[in-house]
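There are 2 protein chains.
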Amino acid sequence: MQFTYVNPTVIHFGQGQIKSIRQAVDVSQKVLVIYGGGSIKRNGVYDQVVEALQNHTWIEFSGVEANPTKETLDKAVALVKEHNIEFIIAVGGGSVIDGSKYVAGAAKYQGDGWDILTREHTVTEAVPLGAVLTLPATGSESNMGAVITRKATQEKLSFGSPAVQPKFAVMDPDVMKSLPERQLLNGLVDAWVHVCEQYITMPTDAMVQDGYAEALLKNLLTLGKQYNQRDNDSWRANLMWTANQALNGLIGVGVPQDWATHMIGHEFTALWHVDHARSLAIVQPSLLRNQIEVKRSKLEQMGKNVFALEASADLAERTIEAIEAFYHSLNIATHFNDYQENKTTAIDNVVAQLESHGYLKLGENKAITLEKTREILESAIQ
Amino acid sequence: MQFTYVNPTVIHFGQGQIKSIRQAVDVSQKVLVIYGGGSIKRNGVYDQVVEALQNHTWIEFSGVEANPTKETLDKAVALVKEHNIEFIIAVGGGSVIDGSKYVAGAAKYQGDGWDILTREHTVTEAVPLGAVLTLPATGSESNMGAVITRKATQEKLSFGSPAVQPKFAVMDPDVMKSLPERQLLNGLVDAWVHVCEQYITMPTDAMVQDGYAEALLKNLLTLGKQYNQRDNDSWRANLMWTANQALNGLIGVGVPQDWATHMIGHEFTALWHVDHARSLAIVQPSLLRNQIEVKRSKLEQMGKNVFALEASADLAERTIEAIEAFYHSLNIATHFNDYQENKTTAIDNVVAQLESHGYLKLGENKAITLEKTREILESAIQ
Chain D
1 MQFTYVNPTV IHFGQGQIKS IRQAVDVSQK VLVIYGGGSI KRNGVYDQVV
51 EALQNHTWIE FSGVEANPTK ETLDKAVALV KEHNIEFIIA VGGGSVIDGS
101 KYVAGAAKYQ GDGWDILTRE HTVTEAVPLG AVLTLPATGS ESNMGAVITR
151 KATQEKLSFG SPAVQPKFAV MDPDVMKSLP ERQLLNGLVD AWVHVCEQYI
201 TMPTDAMVQD GYAEALLKNL LTLGKQYNQR DNDSWRANLM WTANQALNGL
251 IGVGVPQDWA THMIGHEFTA LWHVDHARSL AIVQPSLLRN QIEVKRSKLE
301 QMGKNVFALE ASADLAERTI EAIEAFYHSL NIATHFNDYQ ENKTTAIDNV
351 VAQLESHGYL KLGENKAITL EKTREILESA IQ
Chain C
1 MQFTYVNPTV IHFGQGQIKS IRQAVDVSQK VLVIYGGGSI KRNGVYDQVV
51 EALQNHTWIE FSGVEANPTK ETLDKAVALV KEHNIEFIIA VGGGSVIDGS
101 KYVAGAAKYQ GDGWDILTRE HTVTEAVPLG AVLTLPATGS ESNMGAVITR
151 KATQEKLSFG SPAVQPKFAV MDPDVMKSLP ERQLLNGLVD AWVHVCEQYI
201 TMPTDAMVQD GYAEALLKNL LTLGKQYNQR DNDSWRANLM WTANQALNGL
251 IGVGVPQDWA THMIGHEFTA LWHVDHARSL AIVQPSLLRN QIEVKRSKLE
301 QMGKNVFALE ASADLAERTI EAIEAFYHSL NIATHFNDYQ ENKTTAIDNV
351 VAQLESHGYL KLGENKAITL EKTREILESA IQ
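Protein sequences, first through last, are from chains D and C. All residue numbers for the first sequence refer to my numbering, where the first residue is 1 and numbers rise by one. All residue numbers for the second sequence refer to my numbering, where the first residue is 1 and numbers rise by one.
Below, the structure is given as structure tokens:
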């Protein structure tokens, strides 16, 4: 087990914490507040941010969409450059925070920001940013990763840099009160798959990482079962903190990681605008069944420790069934049939996108070739 | 649930990581290496540190004892001031790292360093320090706390400050190869009690904190059962990472904490030089039995989730028995009879020390008065 790890994001967790941004950002710094479609104006979050920033000089940029696009974000990049912005506050969910990371990095680069996603430019310098989280799901509030879409070419790619990790993250569970059910459920599923990507690989005897991952999975299972208690303070706080821990780097230190479900799922979102979390639920069960032999040992461990299943020769198979049943219990589909072309063309399109992005071999063993992906899609797409 | 949390220590974990201090400390900074009794010269750790620092300007201070004393450490404080030291590297276990934190804080203070322990001086500035851990136990390598002893008055007190938290911690499990059994066992027990102090309190529905705490406790239980595999790389790595997580702040965010076992145990060490971990094993079972009613709910949860005990009316009692059995399985005593005075005087001495330090009410509910402490000691001391 070898790793270097630190998580430098200061977490301000709890009800009423939005006011902490007043101290978290130096009053001498010129601030850009970035947000999405305006829901923060209806639920009171915007007003709390305005109140906290009353002594700061700040401007705003709104309209960052779900699956944030380079096309929209480049307007914010121009704004940062024009106004010499010194600090960015992202107010929103994973899309707004991911988008703000792109803005923070691209604003310190003279070329086209998309170069960051194609690896032609490496972000080593960025405008510092902080996050006010409004939708627990992606963990973006305290990690260094971001996923950005280019509308023109229907591409969805990711990048990461320590320079764009938020300096602070405000996590007030009260902001979840006004979330649509669809987004709450997406958050639960997204966090679940984040843990799985770092856990359902091969055994490496990493007891802390496995134990933490299993604790988070059991939390999400319980929160799913208690979904009718979602208006409870403690339900909200537990989902918010669990989703954060699912992707802040900690459970993934020094262990193999998969992420094939994400890479394939991204293409569903890019091609057919499937919600990110739902794209994962579509891909994952078919992928696990396809890769069951290499993943058997961890699936058995998960069956025993997460689902409390009795040992049997087909424990790994039953674990995948339990995962699928978990999605179905939340009314999340595990197959896709909402394409306009025929099934073969739909599969061809996903495979072609993956190929064009250079994702020829995915997964912790690089065992998921394009041929394997095609097999997975044969089952996932109906 | 309300908290602010960050852990800024960069962890360099794994075999061969000692060399990473070369990059972790700027070559322009004048370094003081602090260590203990010289075991690092026998096990090769010293040589690795010397090799890594070959381009740095550095001096050393050795002789920090277990339960480090103000009297010894003040010599290092004088050295830091005399040589204008800009960075301290602590090479050792919790005692050396705690002692180095005292040195780092006291060196930036004009008065007597003991003022830090009596709260007459608050550390806001310190010489930056890093740690090379040689004994997994206290978690001091990535937290802001330290416990220091004043020999002259047989006092053992603690302080904490973000300014003394190590900038980095090197955790190479290979350093454990030469540890005496007694210290390995102490580390296991110390980490166990650290988790308990943050977990066996009252239920607050904090699912992540509880789930992580239970994962760590189960790890320590397993590592104790697998004690005959202690020469295995993976056993060592798992103990080292588990002990770190037990006291890096994460499992304690936003939840009640106890620490009464530590406060009472410290007096056993100050008065009779009982190993820190062993003082905890002496105090804890008697304390838990004394406080069983307020702790019943969490003890039952621990019985179920950590020890896999079946439900029963006396589940809390059986959980305490299981904890005690765990200590006994490691040949760690849970009672003390090694005093020279008679039992009543021994108890009086502990109570008098606690009183003189102002510890009149201990525990998460402030329910452990001196009278309750006396009851606990009646059982713990035989």
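We put the beta carbon where it would ideally sit given N, CA and C, even for glycine. On a predicted model such as this, the values are computed, not experimentally measured, just so you know.
Starting from residue i, find everything on chain D with Cβ-Cβ shorter than 7 Å and list it in chain order.
i, result
"TYR212(C)", "TYR212 and ALA215"
"LYS218(C)", "GLY211"
Could you give the DSSP three-state label for residue i: helix, strand or coil?
i, result
"VAL27(C)", "coil"
"GLY92(C)", "strand"
"ILE381(D)", "strand"
"HIS276(C)", "helix"
"ALA77(D)", "Reading off the sequence shown, one finds Val at residue 77(D), where the question assumed Ala. Helix."
"VAL6(D)", "strand"
"THR369(C)", "strand"
"THR344(D)", "helix"
"HIS12(C)", "strand"
"THR69(D)", "strand"
"TYR227(C)", "helix"
"TRP241(D)", "helix"
"VAL350(C)", "helix"
"LYS361(D)", "strand"
"LEU32(C)", "strand"
"GLU375(D)", "helix"
"ILE282(C)", "helix"
"ILE332(D)", "coil"
"TRP235(D)", "helix"
"ALA58(C)", "With the sequence shown as reference, residue 58(C) is identified as Trp, and Ala is not the correct amino acid for it. The answer is strand: DSSP assigns TRP58(C) an E or B state."
Are the CB atoms of residue i and residue j nearer to each other than 8 Å?
i, j, result
"ALA384(D)", "GLU141(D)", "Residue 384(D) cannot be examined here, being either before or after the span of chain D that is shown, 1 to 382."
"SER95(D)", "GLU60(D)", "no"
"GLN291(C)", "VAL253(C)", "no"
"GLY16(D)", "ASP205(D)", "no"
"ILE40(C)", "THR134(C)", "yes"
"TYR212(C)", "ALA215(D)", "yes"
"GLY160(C)", "ASP258(C)", "no"
"LYS298(C)", "ILE368(C)", "no"
"ILE381(C)", "PHE326(C)", "no"
"PHE87(C)", "VAL25(C)", "yes"
"LEU223(C)", "LEU239(C)", "yes"
"ALA237(D)", "MET202(C)", "no"
"VAL294(C)", "GLY265(C)", "no"
"THR269(D)", "ASN67(D)", "yes"
"VAL31(C)", "ILE85(C)", "yes"
Chain C partners of residue i, CB-CB under 7 Å?
i, result
"PHE3(D)", "PHE13 and GLY14"
Using a cut-off of 8 Å between C-beta atoms, extract the partners of residue i located in chain D.
i, result
"GLY254(C)", "PHE13 and GLY14"
Could you work out which residues of chain C lie near residue i, taking near to mean beta carbons separated by less than 8 Å?
i, result
"VAL6(D)", "ASN7, PRO8, THR9, VAL10 and ILE11"
Quiz prompt | Residues of the segment 224-248 of chain D with Cβ closer than 7 Å to any Cβ of chain C, in chain order | solution = SER234, ALA237, ASN238, TRP241, THR242 and GLN245
Practice problem: Give, in chain order, every unbroken run of the beta strand (DSSP E) that is at least 3 residues long and sits entirely within the segment 130-207 of chain D. | Solution: 145-150, 155-160 and 168-171
Practice problem: Give the residues from the segment 8-40 of chain D that approach chain C closer than 9 Å (Cβ to any Cβ), ordered along the chain. | Solution: PRO8, THR9, VAL10, ILE11, HIS12, PHE13, GLY14, GLN15, GLY16, GLN17 and SER20
Self-check item: Residues, ordered as in the chain, of the segment 179-211 of chain D that lie near chain C by beta-carbon distance below 7 Å
Solution: ASP205, MET207, VAL208 and GLY211
Quiz item: Going along the chain, which unbroken runs of the alpha helix (DSSP H) with 4 or more residues stay wholly within the segment 286-328 of chain D?
Solution: 292-305
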